[in-house]
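*Asks:* Dropping the structure in here first, questions after.
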Amino acid sequence: MKNIQTGFLKILGIVVLIMTVVCGYTQTPASLLQQADSLYAKKQFTQSFELYNRIHKAGQYSPAMFLRMAFIQEGLNKPGLALYYLNLYYLASGDAQTLIKMDELAAKNGLSGYENTQINQVREIINRYRLHMTGAIASFIILVMAVALYQHKKGNKPMVAPVLTLVALVFLGLFVNFSQPDPTVIITGANTLVMSGPSAGASAVGLLKEGNKVRVKNKEDVWLKVVWADQYVYVRESQVQEITL
Numbered sequence: 139m140k141n142i143q144t145g146f147l148k149i150l151g152i153v154v155l156i157m158t159v160v161c162g163y164t165q166t167p168a169s170l171l172q173q174a175d176s177l178y179a180k181k182q183f184t185q186s187f188e189l190y191n192r193i194h195k196a197g198q199y200s201p202a203m204f205l206r207m208a209f210i211q212e213g214l215n216k217p218g219l220a221l222y223y224l225n226l227y228y229l230a231s232g233d234a235q236t237l238i239k240m241d242e243l244a245a246k247n248g249l250s251g252y253e254n255t256q257i258n259q260v261r262e263i264i265n266r267y268r269l270h271m272t273g274a275i276a277s278f279i280i281l282v283m284a285v286a287l288y289q290h291k292k293g294n295k296p297m298v299a300p301v302l303t304l305v306a307l308v309f310l311g312l313f314v315n316f317s318q319p320d321p322t323v324i325i326t327g328a329n330t331l332v333m334s335g336p337s338a339g340a341s342a343v344g345l346l347k348e349g350n351k352v353r354v355k356n357k358e359d360v361w362l363k364v365v366w367a368d369q370y371v372y373v374r375e376s377q378v379q380e381i382t383l
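Residue numbering for the sequence shown follows my numbering, beginning at 139 and increasing consecutively.
Okay, here's the thing in structure tokens:
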């Protein structure tokens, strides 16, 4: 009987140990975020960043988390990573002041792709509200069609409504097809070679520092066709990080 009790206690001890280890590795994102925020408040930035990064890799985030990650990387003199997390903060929050901050930080470090121009502002607005705009156009088409149907039932022959519907349908098709924003990526490789074609044998046309942001037009094997200095060039996919939530 004593041996049985001893064996049971050993098994129980092993089970408790396993549960303790498992629980330690399966902390919820909310508890990790609280722990990371506590470390950040204590100015233990390296430790807090590691936890924030774990949360991000698990597919969870908060706007404030990205802002703090950007602050930590800027403090470590890593402007490329700081800009990456500022981009994510902007996507998560929509804070327009972030565009100004990114422009200033990029200019300070000689990085391109963050210019706060009117064209870029319009592009950002369309990107953020694209679904809302599409819904508004579709709602307008439905409204015009309803008016046309109502007039037809009353015995009238509507002329304006069909024309408006046709124009709106064409505009909706063009908007859906051409308003899709190009993916943007940030250069993560130090002094990334920019090639004239999608091949290691193509001629090099320049170098891109870590932190530069470019728009992607398409992908060819391991190469990305991007827009840089108003021309199409190619960089390796392994040398970039897509800016997306």
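Cβ coordinates follow ideal geometry from the N, Cα and C atoms, glycine included.
Contact defined as beta carbons within less than 8 Å: I believe GLU348 pairs with LEU362. What is the distance between those atoms, to the nearest angstrom?
*Replies:* Rounded, the Cβ-Cβ distance is 16 Å, inconsistent with contact.
*Asks:* Are the beta-carbon atoms of TYR370 and PRO336 separated by less than 7 Å?
*Replies:* no
*Asks:* On a CA-only basis, which of ARG192, SER250, GLN172 and ASN225 is nearest GLU262? Give me that one, please.
*Replies:* ASN225
*Asks:* What's the call for TYR227, buried or exposed, on a 16-neighbour Cβ count within 10 Å?
*Replies:* buried
*Asks:* Around the Cβ of GLY218, are there at least 16 other Cβ atoms within 10 angstroms (buried) or fewer (exposed)?
*Replies:* buried
*Asks:* Drop a sphere of 10 angstroms on the beta-carbon of ASN350, count the other beta-carbons inside from all chains shown, and report buried for 16 or more, exposed for fewer.
*Replies:* buried
*Asks:* CA-CA distance, GLY327 and LEU287?
*Replies:* 59 Å
*Asks:* State buried or exposed for LEU171, treating a residue as buried only when at least 16 other CB atoms are found within 10 Å of its CB.
*Replies:* buried
*Asks:* Within 8 Å, do at least three Cβ pairs link the segment 203-220 to the segment 171-191?
*Replies:* yes
*Asks:* Distance, Cα to Cα, LYS246 vs LYS239?
*Replies:* 11 Å
*Asks:* Can you tell me which residues form a DSSP beta bridge with GLY344?
*Replies:* VAL332, per the DSSP bridge assignment.
*Asks:* Tell me the rounded alpha-carbon separation between VAL343 and ILE264.
*Replies:* 32 Å
*Asks:* Can you tell me which of the three DSSP states ARG353 falls into?
*Replies:* strand
*Asks:* If you follow the beta strand (DSSP E) that TYR199 is part of, which residue opens it and which one closes it?
*Replies:* Run containing TYR199: none; DSSP gives neither H nor E here.
*Asks:* Please report how far the alpha carbon of LYS355 lies from the alpha carbon of ASN294, in whole angstroms.
*Replies:* 49 Å
*Asks:* Run through the DSSP bridge pairs and tell me what TYR372 is partnered with.
*Replies:* MET333 and LYS363
*Asks:* Nearest to ILE279 by alpha carbon, out of GLN256, ILE324, PRO296 and LEU304?
*Replies:* Nearest C-alpha to ILE279: LEU304.
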